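Presented below is the structure to which this report refers.
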Amino acid sequence: MDSTNMHGNTPSSVAIRAQAAEVYRNGVTPWVDGANIGLEGVQGGQINRDVVPIDIELTNNWKSYNETNYKARAIKDNAGVVHLQGIIRDGRVGQGVIALTLPAGYRPKYNNHIFGCYSNDDTVSKVLLDVNGNMAVERNNGSYVSLVNIQFYAGW
Numbered sequence: 146m147d148s149t150n151m152h153g154n155t156p157s158s159v160a161i162r163a164q165a166a167e168v169y170r171n172g173v174t175p176w177v178d179g180a181n182i183g184l185e186g187v188q189g190g191q192i193n194r195d196v197v198p199i200d201i202e203l204t205n206n207w208k209s210y211n212e213t214n215y216k217a218r219a220i221k222d223n224a225g226v227v228h229l230q231g232i233i234r235d236g237r238v239g240q241g242v243i244a245l246t247l248p249a250g251y252r253p254k255y256n257n258h259i260f261g262c263y264s265n266d267d268t269v270s271k272v273l274l275d276v277n278g279n280m281a282v283e284r285n286n287g288s289y290v291s292l293v294n295i296q297f298y299a300g301w
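With the numbering used here, the residue at position 70 of the sequence shown is 215, and numbering never jumps.
Printed below as a string of structure tokens:
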């Protein structure tokens, strides 16, 4: 890439315009047309993607603390990291008792994860999230569990 848009004393004209960059062609020498190999560009990741939260379906009597400010949601960022949001309450607690299942694309790519989550009685709740997207609240003394700060890599 020539960020000056000049090749010698001759300004380049735009040959290809892409979302992430511009490829320039010298107005005098058609270097792309005369090349023995094709011009190829590879872009990894996603560019200027807006992140949109998705609602999470809860099970075993778990529900969002309220539907306005603390609804259970997930966001997947441009790096493939999922961030959970919201507060859940009033559900069944126990090993293997699923509170929610994340949809495909929002599940941990590698390994199961154990999180310590804030509860309303100032204790830490134990939450297990497996590679199938099943999350269980295995220990909780309070009436709700915050999902904030549950983050993990899910891939692109």
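Every residue gets a Cβ at the ideal spot worked out from N, C-alpha and C, and that includes glycine. Keep in mind it's a predicted model, so treat the numbers as computed, not measured.
Grab the span of the beta strand (DSSP E) containing Thr246 for me, first residue to last.
243-246
Quick one: what's got a C-beta closer than 8 Å to Glu202's C-beta in the same chain, skipping five residues either side?
Leu245, Thr246
How far does the beta strand (DSSP E) with Gly261 in it reach, from first residue to last?
258-263
Just reading off the beta strand (DSSP E) that Lys221 is part of, what are its end residues?
218-221
According to DSSP, which residues form a beta bridge with Tyr289?
Arg234
Would you grab the beta carbon distance between Gly231 and Tyr215 for me? Rounded to a whole angstrom, and I think it's under 8 Å.
5 Å
Exposed or buried, what is Gly278 when buried is set at 16 or more other beta-carbons lying within 10 Å of its beta-carbon?
buried
CB contact flag (Ala105, Gly250, <8 Å):
Outside the displayed span of the chain (146 to 301) sits residue 105, for which this structure offers no information.
For the candidate residues Asp222, Ser288, Trp301, Phe297, whose alpha-carbon lies nearest to that of Asn206?
Ser288
Taking buried to mean at least 16 other C-beta atoms within 10 Å of its own C-beta, is Asn211 buried or exposed?
exposed
Beta-ladder partner(s) of Val226, from DSSP
Tyr298
Skipping 5 residues on each side, what residues in its chain have a beta carbon closer than 8 Å to that of Asp200?
Lys216, Ala217, Arg218
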